[in-house]
Structure formats: C-alpha cells, structure tokens
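Novice: Got a structure for you, written out below as structure tokens; questions coming shortly.
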Amino acid sequence: MNTELEELYQQVILDHSKRPRNYGELPGAVSVHGDNPSCGDELDLHVKFRADGGVEDLKFTGSGCAISQASASLMTMKLKGKPRAEAEEFLRAFHHLVTAGTAPTVKGFGDLILLGGVRKFPQRVKCAMLAWRAFEQALREPGGAVTTEAE
Ligand code: ZN
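First residue of the sequence shown: 20, per the numbering used here; consecutive thereafter.
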C-alpha cells in the first residue's frame, strides 16, 4: 500500500472502531455469537431477515480490536437492506479480498476495500472475518456460535 492508502486505512479503521455504526441490540433478530480467541475479539451479531430471506436490518454488540470492530461496523452498513443473493456475494467477495487480495466484482464495496490490507497478516484476517463468519452462520441457521480459529 502506498502511504496515502495506508493513512486512509488507518483513518477508516479508527473512525469505525471508535464510533461503530449499527451498534446495539435488535429485538426479534437472529443472534450469532462470534469468537476470535487468538485475538480476544467477541461479538454478537443480530440479524433480521425479511420473509424472502433478504437482510432487513442488522446490528452488533461486543468488543475487540479495532479491526474486528471496524469490519463489523462496515459490514452492517453494507449488508443492511440487501437481497439474500447479494448479501451472499458480498460475503464471498470480502473473504476473497482479505485472504487472496482479489478485487471485489460486486458493486458498492466502498471503504470495505481498505480492509484488504489485512491479508498480509494472517492473525488480522481472523479479526476482519469475525463478523462475516457470524453473518454466514446467521444465513445458515437461526442462531448459534462461530469461531474464526480455523480461518
Ligand atoms: Zn482482533
């Protein structure tokens, strides 16, 4: 990354970790507990699905390092209101971005693209993926728990 990107990355991570968006409980939602023991990040993701399987709303609570919090904050912003297929595509694209550095083919990634910088640091990939693993679990079954240990 060049210096300018590096600075932008720092700013975005700091901003979202200090003032996480969509932070809080969501009554009537499906909740998944996410755990990243190698870093100590923990979060609960709350997702409300529409009858057609689309994402009506999502919020999260929990605590952890700046990257895990920023990734969760950005994820909730991006996935809110998305049809199910699009949300699944986002999930896949984000995973490819942080593990392989593959440029996302889906539109609207925005600041999320900056998290691609974590791919050089395998421990940080787990932090960045925590909220997304929780979302993946929420898509599969209502509730449960995930860990990024096998990431
Ligand atoms: Zn972490």
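Heads up, the beta-carbon is just placed ideally off N, CA and C, and yes, glycines get one too.
In its own chain, which residues sit with a C-beta less than 6 Å from the C-beta of Lys-37, not counting the 5 before and 5 after it?
Specialist: Here the set comprises nothing.
Novice: Does at least one heavy atom of the ligand ZN sit under 7 Å from the Cβ of Asp-63?
Specialist: No; taking the cut-off as 7 Å, the Cβ of Asp-63 has no heavy atom of the ligand ZN nearer than that.
Novice: If we count the other Cβ atoms within 10 Å of its Cβ and call it buried at 16 or more, is Ala-70 buried or exposed?
Specialist: Exposed, since its Cβ has fewer than 16 Cβ neighbours within 10 Å.
Novice: Measuring straight from C-alpha to C-alpha, what distance separates His-65 and Pro-141?
Specialist: Computed Cα separation, rounded: 26 Å.
Novice: Going by alpha carbons, who is nearest to Ser-57 out of Val-51, Gly-83, Lys-126 and Val-137?
Specialist: Looking at the Cα atoms, Gly-83 is the closest of the given residues.
Novice: Using the beta-carbon count (16 or more within 10 Å), is Arg-143 buried or exposed?
Specialist: It counts as buried.
Novice: Where does the unbroken alpha helix (DSSP H) through Leu-176 begin, and where does it stop?
Specialist: Residue 176 cannot be examined here, being either before or after the span of the chain that is shown, 20 to 170.
Novice: Return the bridge partner residues of Asp-54 from the DSSP annotation.
Specialist: Bridge partners of Asp-54: Glu-61 and Thr-166.
Novice: Between Asn-55 and Leu-149, is the Cβ-Cβ spacing less than 8 Å?
Specialist: In this structure, Leu-149 lies closer than 8 Å to Asn-55 by Cβ.
Novice: Please determine whether the Cβ atom of Asn-55 lies at a distance below 7 Å from any heavy atom of the ligand ZN.
Specialist: Checking the Cβ of Asn-55 against the ligand ZN gives yes.
Novice: When you compare the CB positions of Lys-67 and Thr-95, do they come within less than 8 Å of one another, or not?
Specialist: No. Outside cutoff.
Novice: Report the CB separation of Ala-89 from His-35 in whole angstroms; it is logged as a contact under 8 Å.
Specialist: Rounded, the Cβ-Cβ distance is 4 Å, consistent with contact.
Novice: Regarding Ile-32 and the ligand ZN, is the C-beta to nearest heavy atom distance less than 7 Å?
Specialist: No, since every heavy atom of the ligand ZN falls outside the 7 Å radius drawn around the Cβ of Ile-32.
Novice: Taking a contact to mean a Cβ-Cβ separation below 8 Å, would you say Ala-153 touches Gly-53 in this structure?
Specialist: Yes, they are a contact pair.
Novice: Starting from the C-beta of Thr-124, find all residues in its chain whose C-beta is less than 7 Å away, skip the five residues before and the five after it, and write them out in chain order.
Specialist: Closer than 7 Å at the Cβ level, and outside the excluded window around Thr-124, lie Ala-112.
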